[in-house]
């Protein structure tokens, strides 16, 4: 696969490039240290568009979130994987709401290669710490039943097969794997997921996964 790496620390870019190249995981097309450069390089030529863009959140000038937003506005099929030190719930929600393919915390570079491969296979990648941030809540007696209400709402809106599919989406499975697990065709799974998104007023499967996880934590 061909990737690009965007991080405000050149050493991080160089280290990741060395590791991913040496292990044969990916070919690094280019690196950048800020969001403005990332957007410019991404659209420079057709050949400069990577299969996966690995990008940080906070950088000088245009942030990783703003750069991703700009890239996805022009190229909705872009695969963007965030790699950052920030496990802030707001950042994670914004990134996934944009349509990013994953969000990793900079802890162990050994997880980056498998994450890139998973994204290429059509999966959404969320580290354990990220999932914890997405599902955690601040205790509040006034809304202590909110998650139960959300779960009840989903149970009422979705049929049994739709709930099965949604649960597998939340596990990070792609359409092919879901189809194999439930003995359905990929086309059926794709149509069912579209119908589920319409019912719940959602725009992408990442939002669906987050909603399911919040309701069943």
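Residue numbers (UniProt numbering): 1 to 217. For every residue, glycine included, the Cβ atom is placed at its ideal position computed from N, Cα and C.
Inter-stretch contact at 8 Å, needing at least 3 Cβ pairs: the segment 34 to 48 / the segment 68 to 87
Cβ pair count under 8 Å is three or more, so yes.
Under the three-state reduction of DSSP, which class applies to residue 2: helix, strand or coil?
The answer is strand: DSSP assigns residue 2 an E or B state.
Compare the beta carbon distance of residue 81 and residue 119 with 8 Å and say whether it is the shorter of the two.
Between residue 81 and residue 119, the C-beta gap is smaller than 8 Å, which places the two residues in contact.
Write down every uninterrupted run of the alpha helix (DSSP H) in the UniProt domain "Response regulatory" (2 to 121) whose length is 4 residues or greater and which is fully enclosed by it, in chain order.
Counting whole runs of 4 or more residues, the UniProt domain "Response regulatory" (2 to 121) contains the alpha helix (DSSP H) stretches 10 to 22, 35 to 42, 64 to 74, 89 to 98 and 112 to 120.
Are the beta-carbon atoms belonging to residue 60 and residue 9 less than 8 Å from one another?
No, Cβ-Cβ distance for residue 60 and residue 9 is not below 8 Å.
Would you check if the distance between the CB atom of residue 101 and the CB atom of residue 125 is smaller than 8 Å?
Yes; because the gap between Cβ atoms is below 8 Å, this pair is in contact.
Quick check: what's the CA-CA separation for residue 211 versus residue 188?
About 22 Å.
By DSSP's criteria, residue 126 is part of a beta bridge. Which residues make up the other side?
Looking at the DSSP output, residue 126 shares a beta bridge with 103.
Give a yes or no on whether the C-beta atoms belonging to residue 20 and residue 48 are separated by under 8 Å.
Annotated as distal: residue 20 and residue 48, with beta-carbon spacing of 8 Å or more.
By the three-class DSSP mapping on this structure, what secondary structure does residue 147 have?
Confidence is the limiting factor: at residue 147 the pLDDT is only 49, short of 50, which leaves the residue's position unreliable and the question unanswerable from this model.
Neighbour-count burial assignment, residue 161, 16 or more Cβ in a 10 Å radius:
Per the 10 Å Cβ criterion, exposed.
Taking the Cβ atom as the reference point for each residue, do residue 54 and residue 22 lie within a distance shorter than 8 Å?
With respect to residue 22, residue 54 sits apart: the two C-beta atoms are not nearer than 8 Å.
To the nearest angstrom, how far is the alpha carbon of residue 157 from that of residue 25?
Going by the C-alpha atoms only, they are around 42 Å apart.
When we look at the beta-carbon of residue 175 and count the other beta-carbons within 10 Å, is it buried (16 or more) or exposed?
Counting other Cβ atoms within 10 Å of its Cβ, residue 175 reaches 16 or more and is therefore classed as buried.
Could you check where the alpha helix (DSSP H) with residue 177 kicks off and where it finishes?
Note, residue 177: alpha helix (DSSP H), 175 to 182.
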